[in-house]
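Sequential numbering from -8 applies to the sequence shown in this note's numbering.
Even glycine gets a Cβ: it sits at the ideal position worked out from N, Cα and C.
Here is the structure we will look at, set down as structure tokens.
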Amino acid sequence: MPKRRPELTEAQINELTRAYAETSESLTRTRIQAVRLYGLGYRVDKIQEITSCSRTSLMTWWRHYRTARLSGLRDHRAGGNHTKLTSAQRQDLKARLQQYTPRALLGPHTATADGQFWTVEDFQRAIGHWYGIQYQSHSSYYELLVACGFSYQRTERVFKSRRDLQVAEFEEQVEKN
């Protein structure tokens, strides 16, 4: 004997439809859509095809909706990297980045030959040195650099061990030929 499919009331369908239209968070929209389709009687495999979710996730979302309504479908992830530096530390970091060059802070062990511009590697070492903090991904450092007023620039492709005199002689020789 097949299990009885759960059904939504007209008010619940309207609630889910309105919430789907008003929500801009993609994960929450997917959850709302999946729950609405399930409550309307769509087959689970069809819902999985439409929303790209697993059966386990769908059943979990359905249970959350039945117990907590729309708040049970919201994305409650807090994220981890944004809380590592306080706003005071961010302001301090911005001031320090304007005050120091990588060469002044790290000496000759910078990621670029001249050490004039901040790279993610140098920035990572500076944050570790100043605050004892390390982020898990490079994108967190990119975002923090942007928040400090820096923009992305391609680094120069120069070996640290290159001999400037020999390079100048070579370029001179190329121009002569």
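Our two residues, Ile23 and Ala10, have alpha carbons roughly 8 Å apart in a direct line. The alpha-carbon separation between Ser48 and Ala102 amounts to approximately 44 Å.
The shortest C-alpha to C-alpha distance from Arg54 to any of Tyr29, Phe114 and Thr8 is the one to Tyr29. When the alpha-carbon of Ser128 is set against those of Arg81, Val111 and Gly106, the nearest one is in Val111. Listed in chain order, the non-local C-beta contacts of Leu61 below 8 Å within the same chain comprise Glu6, Leu7, Ala10 and Ile23, local neighbours out to five positions each way being set aside. Per DSSP, Ile124 is not a residue of any alpha helix (DSSP H), being assigned neither H nor E.
Between the C-alpha atoms of Ala159 and Gln89 there is a straight-line separation of about 32 Å.
Under the three-state reduction of DSSP, Lys75 is assigned to coil, being neither helix nor strand.
Just so you know, the alpha carbons of Ala117 and Ser15 end up roughly 36 Å apart. Counting of Cβ neighbours within 10 angstroms places Leu156 among the exposed residues, the total staying below 16.
A Cβ-Cβ distance of about 7 Å is found for the pair Leu76 and Leu84, placing them in contact under the 8 Å criterion. Here Gly106 is buried: its Cβ has 16 or more other Cβ atoms, across all protein chains shown, within 10 Å. The beta carbons of Asp113 and Pro93 sit about 4 Å from each other, so the pair counts as a contact at 8 Å. Taking C-alpha positions only, Ser142 is separated from Leu31 by approximately 49 Å.
Here the alpha carbon of Leu(-1) sits roughly 8 Å from the alpha carbon of Arg27. Taking the CA atoms as reference points, Ser17 sits about 9 Å from Asp66. Taking Ala138 as the centre and dropping the five residues before and after it, the same chain places no C-beta closer than 6 Å to its C-beta. Just measuring C-alpha positions, the residue of Asp36, Glu1 and Cys44 sitting nearest Thr19 is Cys44. Here DSSP, grouped into helix, strand and coil, assigns Thr51 to helix.
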